[in-house]
C-alpha cells in the first residue's frame, strides 16, 4: 500500500496509520513527495506528482507486493487518482480522501474517468470545497466506486487518525482488506 500525504504534510503525517497497517501485516510505503515535506530539492524541476506515486507503486511490486492500493489525502488523493490512471500494471484500488478535483496541474476529474479499478472516496461534509470535489470525482469515475461523506470538518489524513472518523476508518479498513488480501 502506498500512503500519499497532503500538501501541508510530509512523510511523518501518515506514520501513526502506517504503523497500524504494518502491525496488521500490510507492506506499506509511506511516500514523501519530492515537491513538499522533507524531499524538497532546490533547483530541480519536479516531475508530475502522479508519476512519483506511480513509481512508488512500481517499487512496491518490485519488493514483492502482489497487490497495491493507493491511499491519498487531499493533494495525495488527487495524485493517487492520477497515478492509478497511468500505472502499469494497474494498481488494485484507490482510496481518495478529501481530494481536490485539480491540484498543481493534475486534473483528477479526467483521471477518475480513466480508472478501471475500484475507488473509495471519503470526505467530511463540512469540508465544503473538498466535499463538492469528491462528489464531482465520484460522478466522473466509471469503475466500481463508493462515496462516503461523514459529519464534521476533518480533512484528509485526519479522517483516518486514531481520533479521526470511526466510520471512515472502518470503511477504509474493510476496503483495503478486500483489495489487498
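In this note's numbering, the protein residues as written are -3 to 177.
For each residue, glycine too, the CB sits at the ideal point set by N, CA and C.
Since the model is a prediction, treat every value here as computed from it, not as a measurement.
At a Cβ-Cβ threshold of 8 Å, residue 127 and residue 121 count as neighbours. The Cβ atoms of residue 116 and residue 168 sit closer than 8 Å to each other. For the options 98, 94 and 77, the alpha carbon positioned closest to that of residue 88 is the one of 77.
Annotation for residue 17: no beta strand (DSSP E) segment contains it, though the alpha helix (DSSP H) segment containing it runs 11 to 19.
Between the segment 80 to 87 and the segment 7 to 21 there are fewer than three C-beta pairs closer than 8 Å, too few to call the two in contact. When secondary structure is reduced to three states using DSSP, residue 124 falls in the helix class.
At a cut-off of 3 residues, the continuous stretches assigned as beta strand (DSSP E) that sit fully inside the segment 114 to 168 are 115 to 120 and 141 to 146. Taking residue 0 as reference, the option from 79, 131, 112 and 119 with the minimal CA-CA separation is 79. Cβ neighbours of residue 141 within its own chain (closer than 8 Å, five residues either side excluded): 114, 115, 116, 117 and 134.
Residue 160 and residue 11 have their C-alpha atoms roughly 15 Å apart. About 14 Å separates the beta carbons of residue 111 and residue 75, which is beyond the 8 Å limit, so they are not a contact pair. As a beta-bridge residue in DSSP terms, residue 27 pairs with 0. Beta-bridge partners of residue 103 (DSSP): 98. For residue 93, no alpha helix (DSSP H) segment is defined; the enclosing uninterrupted segment is the beta strand (DSSP E) at 89 to 93. Per DSSP, reduced to three states, the secondary structure at residue 72 is helical. The continuous stretches of alpha helix (DSSP H) do not include residue 7, and DSSP gives it neither H nor E.
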